[in-house]
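Numbering (our numbering), first residue to last: 372 to 716.
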């Protein structure tokens, strides 16, 4: 059986959300985050690929905006997090190739705006992120299963499919057999079709009496490791409340820590498909973790917004005021229906 261990190594290898350490200090568990909880902001967020970082920043402060931003402003946003100019410009080019940014030239300046595809990704992502853990899920006891076979020579395609299945709430029960308590087969079928994978079987099933404990679908998730991740998040984020209330966070720090908290919370969506209460152990810490995420993310918004506006104002002063944060409740109201997983970065 393939269990989702605490390292979640295949997921991290390709989209690099969290590290495998659960009981380490914040700087190890969430690289770069420790810097923003102290006065040292020099090293920034080291664990991210620049394209992912830029999408997160645009989703947080340029969501539902149609105005173009000069390349220099976007590069400056990334260098704020320790990304080199070269890597930042490469990230812009990559996002254009993936259809997430649209580019145009005005004289010698290059400008970028979000594409329609990016808007759809942001809308769906916002709804998933901010509704995650909001309500207890009712469950009929039926499991959704996806069986697939992809040759070794197409292993990159296998990686992409795994990432997308995780986003939809599936986990590997065995090699090539993924399971979810959600009725998500229509979404899974759409992803299989988009990736042109035909050697697959989708079905819904009950578990019959006599199934061994080791073979139960809930074993696809390492719930104790997941509990440890939630507890670590709670332990690391709780002290922020005091710093926010005391006004000791600078705009630079607020931007970095808000961005990191968003990144870590998105990682939970891949590790925990919002499992129904019937499957979860008692005293599950997700609700407390969600409360801290929402409170801290919302409270840091105004300060973080100020820093983004300061950066943009250097290169496009007339556009700086358009950079605005959204609260968690605003995002839920503005986002559309769930359906499309994030693009491969």
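From the three backbone atoms N, C-alpha and C, an ideal C-beta is built for every residue, glycine too.
| Asked | Found |
| --- | --- |
| If you follow the alpha helix (DSSP H) that residue 517 is part of, which residue opens it and which one closes it? | Not the alpha helix (DSSP H): residue 517 falls in the beta strand (DSSP E), residues 514-519. |
| Output the distance between the C-alpha atoms of residue 613 and residue 648, rounded to the nearest integer angstrom. | 32 Å |
| Which residue from 542, 578, 667, 563 puts its Cα closest to that of residue 607? | 667 |
| Between the C-alpha atoms of residue 451 and residue 701, what's the straight-line distance to the nearest angstrom? | 26 Å |
| Excluding the 5 residues flanking residue 470 on each side, which residues of the same chain have their C-beta closer than 7 Å to its C-beta? | 486, 488 |
| Using 6 Å as the cut-off, classify the Cβ of residue 627 as near or not near the heavy atoms of the ligand HEM, replying yes or no. | This structure lacks the ligand HEM, and indeed carries no ligand of any kind. |
| Hey, residue 540 and residue 555: beta-carbon distance below 7 Å or not? | yes |
| Check whether the Cβ atoms of residue 660 and residue 605 sit closer than 7 Å, and answer yes or no. | yes |
| Whose C-alpha, out of 478, 445, 704, 664, is nearest the C-alpha of residue 464? | 445 |
| Give the DSSP-derived three-state secondary structure of residue 469 in the structure shown. | coil |
| Applying the 10 Å Cβ sphere with the 16-neighbour rule, what's the burial state of residue 562? | buried |
| Shortest alpha-carbon distance to residue 484 belongs to which of 585, 426, 514? | 426 |
| How long is the line joining the alpha carbons of residue 432 and residue 573, rounded to whole angstroms? | 39 Å |
| Please state if the CB of residue 517 and the CB of residue 549 are separated by a distance shorter than 7 Å. | yes |
| With DSSP collapsed to three states, give me the class of residue 532. | helix |
| Do you know how far the Cα of residue 654 is from the Cα of residue 603? | 15 Å |
| Would you kindly work out how many angstroms separate the C-alpha atoms of residue 566 and residue 521, rounded to a whole number? | 11 Å |
| Which term fits residue 578, buried or exposed, when burial requires 16 or more other beta carbons within 10 angstroms of its beta carbon? | exposed |
| Just tell me which of 591, 457, 441, 453 has its CA closest to the CA of residue 685. | 441 |
| Could you check the C-alpha separation between residue 575 and residue 543 for me, to the nearest Å? | 15 Å |
| Could you tell me which residues DSSP pairs with residue 576 in its beta bridges? | 514 |
| Excluding the 5 residues preceding and the 5 following residue 693 in the sequence, name in chain order all residues of the same chain whose CB lies nearer than 7 Å to its CB. | 436, 438 |
| Do the CB positions of residue 421 and residue 458 come within less than 7 Å of each other? | yes |
| Thinking C-alpha only, which one of 657, 678, 671, 674 is nearest residue 506? | 657 |
| Considering Cα atoms alone, identify which of 499, 593, 524 is closest to residue 704. | 499 |
| Please give the ranges of any alpha helix (DSSP H) in the segment 635-662, keeping only runs that are unbroken, at least 4 residues long and fully inside the region. | none |
| Judging by CA-CA distance, which residue of 629, 636, 646 is the nearest neighbour of residue 675? | 629 |
| Terminal residues of the continuous alpha helix (DSSP H) containing residue 561? | 556-565 |
| Give me the Cα-Cα distance between residue 569 and residue 493, rounded to the nearest whole angstrom. | 29 Å |
| Starting from residue 550, follow the beta strand (DSSP E) in both directions and report where the run begins and ends. | 548-551 |
| Quick check on DSSP: helix, strand or coil for residue 621? | coil |
| Who are the near neighbours of residue 622 in its chain, counting only those whose CB is closer than 6 Å to its CB and skipping five residues on each side? | 674, 677, 678 |
| Given a cut-off of 7 Å, decide if residue 519 and residue 582 are closer than it, judged by their beta-carbon atoms. | no |
| By a C-beta neighbour count over all protein chains shown, 10 Å radius and 16 as the cutoff for buried, is residue 477 buried or exposed? | exposed |
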